[in-house]
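Report on the following structure.
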Amino acid sequence: MPAEKVSLMLKHVGCGNSSWKSPFLNLSIVFKHRFLVRNLVRREIRGRYRNAMLGYTWTVLEPMLLASVYYFLFVMLAGNPDRMYPVWVLLGVIVWGCFGRSLTGSVSSLSRNAQTIHLVYFPRIIFPFTSIMGNIVISMMSCLVVIPIIIFYDLPLTIYLLYIPLSILLAGFLGIGLGMFVAPLNCMHRDVEHLFRFIVRAGFFLSPVMWTYEMAQARGSIGEMVLYNPMVVPLTMARHGVAGESLGIPWAGILGSIGFGIVMWILGSYVFNRYEAGAVKHL
Amino acid sequence: MTSNAVEIENVTLHFPKQRNALKMLMNLVQRKKERFTALRNVSFTAKKGEVLGIIGKNGSGKSTLLRIISGIYPADEGTCKAAGSISLLAGLGTGFSGHQTGRENAILYGSILGHGEQVMIEKLPEIIEFSELESFIDEPVRTYSSGMKARLGLAVASAIHPDILLIDEVLGVGDPQFKEKSKKRILDLVKSTGTVIIVSHSFGLMKDICDRLVLIHKGKIVGVGEPDTIIKLYYETTD
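Chains A and B are the protein sequences, given in the same order.
Basically the numbering used here = 1-based index in the first sequence + 3.
Basically the numbering used here = 1-based index in the second sequence + 1.
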């Protein structure tokens, strides 16, 4: 009720509130609005499989169909892969899909939600955040496919299975930083969205989705260069998680990938908070 | 401490114009900025406990002004200050997702408007009752008529009690019976809320409920004062 409002004039939030604190502030904002985030994530997930007879089965079916296509492609080009290869491709497709959708989803998070943005103000960091949360949840559901795989291939149940959800989280995290970095720009020029869709498609081949880290290593010097790609770590992580073995990537590579994610989160938060207020005028 | 709930001082807001790549490059070279000024040097205050109306022709900047107060757009120049929580009622039900049920959408919309979980759980029965949707509340919203959507939107939006309420032309949805009911509900809300800023084209209503009116024309404030005087001024200015 209004009555005893003693508070003095408050300045508006939303404009120019970017500082070195932004990356941490954004986390606390998301936590504070968790009820809203939960509802928006639910809308995002429901929206993806609306009116589908198979519903959430598609979360598993889609990567499986994709993986089978890539499997045949590989057999035609290179021939004779090892018996675990279909599994590696399937996991690659799931993890890369999580990254790709997180990236494109957070890039277009502001422009897609123009209607809501015009309606009400709440901290806009919530838009890219809900976008990756939705993707992470869907990718985690896709990961249930691991259960039949373990039974079929008679794989051991180890603690390393935890690598699978971790790899999904890392893939999403790598996506959001970069996505936030350019999301305001995408409000002004949708070209950004198209460019990033291309980047995701091209990155698919440059990252170990159809191939594996071990295959690259077998080719000598390329094996070292591959580690400059931060996505190598989450992709390899998921595979080794299923196989039940440790990561086998040099520490520098692991720290490099996580470090890249953190740096992009900090940069992305800063740029996002700095420019989103002006950018929404373009919507 | 002042008795003002909203203070707007010399607010100017430009909208950028979308141009293709070639035009943009030309502008960059010629160092000129193409923009549309939606508000120019707008200043006014709303006192605590006051019902302030904003009138003006379509495209005069009324809605933009409300969006500045609610924080959706930052002002390019000038300052906008407000004391307390603000809520903007506009475009009811536009944020609904068609494949979720009315109940889910009510919770979603409520949380978008800034309600906590507890508040929504408490208010939900009242919201559902007011919306008159009955068994339709558990059907997907895409099966709703536009009137039903608007009713649900109004039911959720009017269940809130902010310190400052901004209303942007949300009266007059649904059939005559519901129109009456919603008008009453909004009027109750206006009465129970400390400060209200309302944008509407129905001058009759504005005359009834507003303490003061602000006339805005082409992004500038033309007059502030008694409702009768300002409405007269409106016809003089806009002819």
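Cβ coordinates follow ideal geometry from the N, Cα and C atoms, glycine included.
Note that this is a predicted model, so its numbers are computed, not measured.
Write down the C-beta distance between residue i and residue j rounded to the nearest angstrom, noting that I regard them as a contact closer than 8 Å.
| i | j | result |
| --- | --- | --- |
| Ile-70 of chain B | Leu-166 of chain B | Incorrect: roughly 11 Å between the Cβ atoms, too far for contact. |
| Tyr-124 of chain A | Ile-73 of chain B | 5 Å |
| Leu-173 of chain A | Gly-264 of chain A | 7 Å |
| Ile-217 of chain B | Gly-115 of chain B | Not confirmed; about 27 Å, so no contact. |
| Asn-11 of chain B | Asn-42 of chain B | 5 Å |
| Glu-133 of chain B | Arg-152 of chain B | 6 Å |
| Leu-26 of chain B | Cys-211 of chain B | That belief does not hold up - the Cβ atoms of Leu-26 of chain B and Cys-211 of chain B are roughly 48 Å apart, past 8 Å. |
Between the Cα of residue i and the Cα atoms of the options, which residue gives the shortest distance?
| i | options | result |
| --- | --- | --- |
| Tyr-59 of chain A | A:Tyr-156, A:Tyr-273, A:Ile-141 | A:Ile-141 |
| Gly-148 of chain B | B:Ser-183, B:Asp-169, B:Glu-118 | B:Ser-183 |
| Ile-153 of chain A | A:Met-143, A:Met-87, A:Ile-120, A:Pro-131 | A:Met-87 |
| Val-142 of chain B | B:Glu-10, B:Leu-29, B:Thr-102, B:Ala-160 | B:Thr-102 |
| Gly-259 of chain A | A:Trp-214, A:Val-235, A:Gln-118, A:Ser-210 | A:Val-235 |
| Phe-155 of chain A | A:Val-90, A:Trp-254, A:Met-79 | A:Val-90 |
| Ser-109 of chain A | A:Val-96, A:Met-136, A:Thr-161 | A:Met-136 |
| Tyr-110 of chain B | A:Asn-42, A:Tyr-273, A:Leu-28, A:Val-229 | A:Asn-42 |
| Val-33 of chain A | A:Tyr-73, A:Phe-132, A:His-121, A:Val-44 | A:Phe-132 |
| Leu-106 of chain A | A:Gly-206, A:Ile-162, A:Ile-252 | A:Gly-206 |
| Phe-38 of chain A | B:Pro-163, B:Ile-122, B:Leu-67 | B:Ile-122 |
| Gly-57 of chain B | B:Ile-210, B:Ile-199, B:Asp-212 | B:Ile-199 |
| Gly-244 of chain A | A:Asp-194, A:Gly-95, A:His-197 | A:Gly-95 |
| Asn-189 of chain A | A:Ser-71, A:Ile-97, A:Val-72, A:Tyr-278 | A:Tyr-278 |
| Val-40 of chain A | B:Ala-39, B:Ile-113, B:Val-30 | B:Ile-113 |
| Ser-201 of chain B | B:Thr-194, B:Pro-228, B:Glu-35 | B:Pro-228 |
| Ala-179 of chain A | A:Asn-116, A:Ile-129, A:Ile-252 | Note that residue 179 of chain A is Ile in the sequence shown, not Ala. Nearest option by C-alpha distance: A:Ile-129. |
| His-285 of chain A | B:Lys-24, B:Ala-6, B:Asp-209, B:Arg-36 | B:Arg-36 |
| Ala-6 of chain B | B:Val-157, B:Glu-181, B:Ala-84 | B:Ala-84 |
| Lys-82 of chain B | B:Ser-4, B:Thr-239, B:Gln-31, B:Val-191 | B:Ser-4 |
What is the rounded straight-line gap between the Cα of residue i and the Cα of residue j?
| i | j | result |
| --- | --- | --- |
| Asp-176 of chain B | Tyr-145 of chain B | 15 Å |
| Ser-64 of chain B | Phe-179 of chain B | 25 Å |
| Ile-48 of chain A | Cys-146 of chain A | 16 Å |
| Ile-2 of chain A | Met-240 of chain A | Not covered by the structure: residue 2 of chain A. The range shown for chain A is 4 to 286. |
| Trp-254 of chain A | Glu-248 of chain A | 16 Å |
| Pro-159 of chain A | Ser-210 of chain A | 27 Å |
| Thr-13 of chain B | Thr-80 of chain B | 9 Å |
| Met-144 of chain A | Pro-187 of chain A | 30 Å |
| Leu-206 of chain B | Tyr-235 of chain B | 15 Å |
| His-2 of chain A | Arg-45 of chain A | The structure shown does not extend to residue 2 of chain A, since chain A is modelled only from 4 through 286, so no value can be given for it. |
| Thr-196 of chain B | Phe-45 of chain B | 14 Å |
| Leu-89 of chain B | Ser-22 of chain A | 28 Å |
| Gly-19 of chain A | Tyr-273 of chain A | Note on Gly-19 of chain A: pLDDT 49, under 50, position unreliable in the model; no value is reported. |
| Ser-25 of chain A | Pro-126 of chain A | 12 Å |
| Ala-280 of chain A | Glu-118 of chain B | 27 Å |
| Gly-182 of chain A | Leu-66 of chain B | 31 Å |
| Ala-107 of chain B | Gly-154 of chain B | 8 Å |
| Phe-199 of chain A | Ser-111 of chain A | 10 Å |
| Gly-226 of chain B | Thr-239 of chain B | 17 Å |
| Lys-185 of chain B | Val-191 of chain B | 10 Å |
For a test of the three-state rule: what should DSSP assign to residue i, helix, strand or coil?
| i | result |
| --- | --- |
| Lys-124 of chain B | helix |
| Asp-240 of chain B | coil |
| Ser-38 of chain A | Before going further, note that residue 38 of chain A is Phe rather than Ser in the sequence given. Correct three-state label for Phe-38 of chain A: helix. |
| Ser-249 of chain A | coil |
| Lys-8 of chain A | Below a pLDDT of 50, predicted positions are generally treated as unreliable, and Lys-8 of chain A, at 39, falls in that range; the measurement from the model is reported next regardless. Three-state result, Lys-8 of chain A: coil. |
| Phe-125 of chain A | coil |
| Gly-19 of chain A | Interpretation of Gly-19 of chain A is limited by its pLDDT of 49, a score under 50 that renders its predicted location unreliable; the figure taken from the coordinates is listed afterwards. In this structure, Gly-19 of chain A counts as coil in the three-state DSSP scheme. |
| Leu-214 of chain B | strand |
| Phe-37 of chain B | strand |
| Leu-286 of chain A | coil |
| His-197 of chain A | helix |
| Asn-21 of chain B | coil |
| Thr-83 of chain B | It should be noted that the sequence gives Ala, not Thr, for residue 83 of chain B. Strand at Ala-83 of chain B. |
| Glu-130 of chain B | helix |
| Asn-189 of chain A | helix |
| Phe-45 of chain B | strand |
| His-15 of chain B | strand |
Counting C-beta neighbours from all protein chains within 10 Å, is the total for residue i 16 or more, i.e. buried, or is it exposed?
| i | result |
| --- | --- |
| Glu-105 of chain B | buried |
| Asp-85 of chain A | exposed |
| Val-16 of chain A | The pLDDT assigned to Val-16 of chain A is 41, lower than 50, so where the model puts this residue is not dependable, and the model offers no usable value. |
| Pro-66 of chain A | buried |
| Ile-222 of chain B | buried |
| Asn-216 of chain A | Per the sequence presented here, residue 216 of chain A reads as Tyr, with Asn not at that position. Tyr-216 of chain A is buried by the Cβ-count criterion. |
| Gly-96 of chain B | buried |
| Ile-138 of chain B | buried |
| Ile-162 of chain A | exposed |
| Ser-193 of chain B | exposed |
| Leu-11 of chain A | In this predicted model, Leu-11 of chain A has a pLDDT of only 46, less than 50, meaning its place in the structure is not dependable; the value taken from the coordinates is given anyway. It counts as exposed. |
| Asp-169 of chain B | buried |
| Leu-23 of chain B | exposed |
| Met-267 of chain A | buried |
| Pro-151 of chain A | exposed |
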